[in-house]
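Residue numbers (full-length UniProt numbering): 1 to 560.
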């Protein structure tokens with residue numbers, strides 16, 4: 001193949017030069033611009049007459065100091081090239097970021113002829129990278145640092161804390177009764193409140209540290225300027241004082257109280273996780289005080305109270321982490337020996353402890369109000385499951401779901417249940433809500449009103465654990481219920497104890513007279529089953545039939 005002629009090579013080089021998407025400039029040995037390509041003009045707005053005979057400094061944005069340019073040219077002169085990012089200014093004044101490579105042009109005898117610069121506008125890419133980084137490190141609602149960013153900064157600070165004259169301090173805060181705010185005014189109102197709280201905290205802390213939103217209504221502060229321990233109290237007092245002023249959201253003046261917990265390095269932990277965990281424990285203990293209050297972590301919080309707090313902290317996160325699940329215990333009709341219904345029972349599969357007993361975590365959920373969102377989740381999950389069984393052609397089952405005292409008295413209970421039924425597609429006739437005797441008797445007039453409204457919507461009601469409370473026959477007859485459930489404490493010893501047998505007989509007799517269905521809980525032996533059948537008990541529930549099991553296991557039982 002014949003060697004390409006010099007003229008053809010020059011034309012080919014010029015074609016490539018003009019078609020390059022990167023901007024190109026060529027200077028002489030004195031650094032004066034002698035040539036540019038079309039992409040240079042497209043990026044910068046400058047034409048060749050604009051820049052001919054001028055130094056590339058015409059593009060300076062003022063972003064870099066003189067030392068930057070001295071280092072750049074030193075590299076070009078010593079190494080023959082320089083590559084990096086540089087902020088320049090376009091002809092219209094817009095500042096942009098370019099990725100630039102400058103090279104020395106040499107002749108055959110290695111003498112400098114001039115300099116070649118090749119660049120691309122990476123402003124959009126840098127903005128995108130910055131936005132991605134911001135999204136990874138910041139909370140989208142409040143634009144505060146998020147948990148990832150807070151943990152990274154905390155670990156960095158702790159890594160260099162020894163030998164410093166500063167005392168890293170972690171402050172955890174959450175909003176008292178934020179859930180009630182959301183329920184009363186709506187989530188949009190709640191979001192605005194969180195934004196206002198974030199702004200106020202950021203203004204208070206300023207350059208003294210960083211503020212982060214850890215999730216939900218929980219915030220964290222890392223204090224970086226503390227030299228003396230009494231300075232911590234001073235900062236906390238500023239926060240408490242600032243939150244004495246109400247927030248104005250959508251023309252509503254709202255007083256916000258904070259629960260605040262503090263842990264101090266190295267006294268309360270030498271790792272980031274332990275400092276946060278201990279500050280959280282102190283924070284949750286302040287709930288007993290009421291109003292805005294704070295506590296410093298102390299080692300005695302790791303006793304039984306500490307275990308309870310850990311349980312609460314874990315429970316708060318269990319729902320969002322998918323650690324909660326619903327088990328189902330079947331109810332068998334004695335006349336037909338067929339499963340006619342199931343009771344939905346919550347279980348907590350803790351990542352470290354395994355299955356946590358409901359008797360351990362349900363009281364905590366009730367005390368803290370977590371039972372409200374957890375209860376709604378159980379109802380929705382169970383309704384969705386029953387609908388799946390119905391669509392799969394399994395025998396129709398009545399779903400029983402427990403309502404605690406706090407759930408039963410929550411605002412808009414009926415509306416919440418109706419919405420879940422509508423969204424899941426479960427007909428109300430297949431839902432039965434169980435409330436305890438003591439819950440029904442807590443406020444009889446209110447209970448009757450709520451029950452009547454639920455019944456009007458086609459939902460059945462039952463009294464759970466009957467015989468353990470203090471209801472009178474006159475009240476039972478007034479409640480619009482369809483079922484009485486005999487508490488398992490009477491069933492367990494009904495064979496051995498005549499008094500328990502008498503109570504069981506009396507409840508079944510009462511149910512007949514009131515035309516109520518009666519279900520016996522906790523049936524474990526055939527002898528108990530036989531006695532209950534003789535007494536005309538309608539249904540039984542207990543380990544004799546099946547313990548509470550996951551949905552898949554119950555489905556196998558139904559198919560068998």
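Note that beta-carbon positions come from the ideal geometry of N, C-alpha and C, so glycine has one too. Only a predicted model underlies this, so the values are computations on that prediction, with no experimental measurement involved.
Beta carbon of residue i nearer than 8 Å to that of residue j
i: residue 97; j: residue 126; result: yes
i: residue 455; j: residue 480; result: yes
i: residue 495; j: residue 534; result: no
i: residue 425; j: residue 387; result: yes
i: residue 519; j: residue 459; result: no
i: residue 372; j: residue 406; result: yes
i: residue 158; j: residue 29; result: no
i: residue 242; j: residue 205; result: no
i: residue 144; j: residue 212; result: yes
i: residue 375; j: residue 404; result: yes
i: residue 370; j: residue 420; result: no
i: residue 398; j: residue 432; result: yes
i: residue 282; j: residue 297; result: yes
i: residue 104; j: residue 84; result: no
i: residue 564; j: residue 244; result: No statement about residue 564 is possible, as the shown extent of the chain runs from 1 to 560 and does not include it.
i: residue 223; j: residue 169; result: yes
Which of helix, strand or coil DSSP assigns to residue i
i: residue 247; result: strand
i: residue 117; result: strand
i: residue 470; result: Confidence at residue 470 is low in this model, with a pLDDT of 46, below 50, so its placement is unreliable and the value that follows should be read with caution. Of the three classes helix, strand and coil, the one that applies to residue 470 here is coil, per DSSP.
i: residue 330; result: strand
i: residue 125; result: helix
i: residue 357; result: coil
i: residue 562; result: Residue 562 lies beyond the residue range present for the chain, which begins at 1 and ends at 560; the question has no answer from this structure.
i: residue 405; result: helix
i: residue 335; result: coil
i: residue 384; result: helix
i: residue 560; result: coil
i: residue 99; result: strand
i: residue 282; result: helix
i: residue 46; result: coil
i: residue 80; result: coil
i: residue 479; result: coil
i: residue 215; result: strand
i: residue 460; result: strand
i: residue 64; result: coil
i: residue 325; result: strand
i: residue 497; result: coil
i: residue 57; result: helix
i: residue 299; result: helix
i: residue 314; result: helix
Residue i to residue j span [Cα, whole Å]
i: residue 470; j: residue 486; result: Only weak support is given to the placement of residue 470: the predicted model assigns it a pLDDT of 46, under 50, and the question is left unresolved by the model.
i: residue 452; j: residue 310; result: 40 Å
i: residue 26; j: residue 135; result: 40 Å
i: residue 548; j: residue 540; result: 14 Å
i: residue 366; j: residue 508; result: 31 Å
i: residue 147; j: residue 198; result: 14 Å
i: residue 336; j: residue 390; result: 20 Å
i: residue 381; j: residue 257; result: 33 Å
i: residue 20; j: residue 120; result: 10 Å
i: residue 150; j: residue 235; result: 19 Å
i: residue 364; j: residue 295; result: 21 Å
i: residue 33; j: residue 55; result: 6 Å
i: residue 166; j: residue 274; result: 19 Å
Cut-off 6 Å between Cβ atoms - residues of its own chain near residue i, not counting five sequence neighbours on either side
i: residue 293; result: 286
Same chain, Cβ closer than 7 Å to residue i, neighbours up to 5 away in sequence not counted
i: residue 482; result: 460, 461, 462, 516 and 517
i: residue 349; result: 323, 325 and 355
Contact test: residue i Cβ vs the ligand GDP heavy atom, cutoff 7 Å
i: residue 81; result: In terms of ligand content, the structure shown is empty, and the ligand GDP therefore cannot be addressed.
Discussion item. Under 8 Å, with one C-beta from each stretch per pair, do the region 488-500 and the region 522-529 reach the 3-pair mark?
Written reply: Touching, yes, given that three or more Cβ pairs across the two stretches are closer than 8 Å.
Practice prompt. Check whether the region 243-255 touches the region 274-282, taking contact to mean three or more Cβ pairs, one atom from each stretch, closer than 8 Å.
Written response: By the Cβ rule, the region 243-255 does not count as touching the region 274-282, because fewer than three pairs are nearer than 8 Å.
Worksheet item: Given 8 Å as the limit, is there contact between the region 67-79 and the region 38-53, that is, 3 or more CB pairs closer than that?
Response: Contact annotation: the region 67-79 does not touch the region 38-53, with fewer than three C-beta pairs closer than 8 Å.
Worksheet item: Is the number of C-beta pairs between the region 185-192 and the region 236-250 that are closer than 8 Å three or more?
Response: Per the Cβ contact rule, the region 185-192 is in contact with the region 236-250 (3 or more Cβ pairs under 8 Å).
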